[in-house]
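Chemist:
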Amino acid sequence: MQQKFWLMKSEPSTFSIDHLAALPHQTEHWEGVRNYQARNFMRDEMKVGDEAFFYHSNCDTPGIVGIVTIVKSAYPDHFALKKSSPYYDPKSTTENPRWYMVDVKLKQKFDTVISLRTLKENTALAKMPLVQKGNRLSILPVTANEWRTILKMLKK
DNA sequence: GCCAACGTTGGC
DNA sequence: GCCAACGTTGGC
1 MQQKFWLMKS
11 EPSTFSIDHL
21 AALPHQTEHW
31 EGVRNYQARN
41 FMRDEMKVGD
51 EAFFYHSNCD
61 TPGIVGIVTI
71 VKSAYPDHFA
81 LKKSSPYYDP
91 KSTTENPRWY
101 MVDVKLKQKF
111 DTVISLRTLK
121 ENTALAKMPL
131 VQKGNRLSIL
141 PVTANEWRTI
151 LKMLKK
């Protein structure tokens, strides 16, 4: 099975890489994806062993802060069934779950953020939807080339 | 806090 | 099935 690469966004005020790092097994379910395209990526294409950049959005310095490994492939997001959850969706049912989540485990937390600004300056990454205007998808595929390019930016 | 871009909803 | 209205995302 070919390993794939991803980018997963989270608002650090809700769930940051430090939250993940503080957990006993540094493993957590990635709940709350409520966008069909993002869900489809998770449900249909994400496999155990895939790796993803952890991205902080909607914060002072938006950017990539580390790497997680997918340790469990998609299963129903039960937060959608829980009325008290901010992720509750009355249209999702146990028999017919509308939303899915995966489990991620922290692989590496970067010493510094690779900021969105820096990513935008790298012409090799110009095709990434992330750096393009108006992109709002919270789960994005990353090509192997883009993955390598971004990792190289760490060493500078 | 502002607002552009986008996705979803619902009336018709 | 169209599309206006609305809600959300997320950079700045």
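In terms of UniProt numbering, the first sequence opens at residue 1 and continues consecutively.
Don't be surprised by glycine CBs; every beta carbon is placed ideally from N, CA and C.
Since the structure is predicted, the reported quantities are computational estimates derived from the model, not experimental observations.
Exposed or buried, what is Y100 when buried is set at 16 or more other beta-carbons lying within 10 Å of its beta-carbon?
Modeler: buried
Chemist: Output the distance between the C-alpha atoms of P97 and K109, rounded to the nearest integer angstrom.
Modeler: 33 Å
Chemist: Can you tell me whether DSSP reads Q108 as helix, strand or coil?
Modeler: strand
Chemist: Assuming the contact rule is C-beta atoms closer than 8 Å, R34 and Y87 should be a hit. Round their C-beta distance to whole Å, please.
Modeler: 7 Å
Chemist: What residues in its chain sit with their C-beta under 8 Å from that of T93, if we drop five residues either side in the sequence?
Modeler: L81
Chemist: K133: which of S73, G32, L116 sits nearest, CA to CA?
Modeler: L116
Chemist: Go through the UniProt domain "EVE" (4-153) residue by residue and report every complete run of the beta strand (DSSP E) that reaches 3 residues or more, in order.
Modeler: Listed in chain order, they are 5-10, 27-29, 51-56, 63-76, 100-115, 139-142.
Chemist: Just the Cα atoms here: how many angstroms apart are M42 and L125?
Modeler: 22 Å
Chemist: Pick out whichever of P141, T143, T112 has its Cα sitting closest to the Cα of M153.
Modeler: T112
Chemist: Determine the direct distance from the alpha carbon of S73 to that of T123, and round the result to whole angstroms.
Modeler: 33 Å
Chemist: Which value, in whole angstroms, describes the spacing of the CA atoms of M128 and D18?
Modeler: 26 Å
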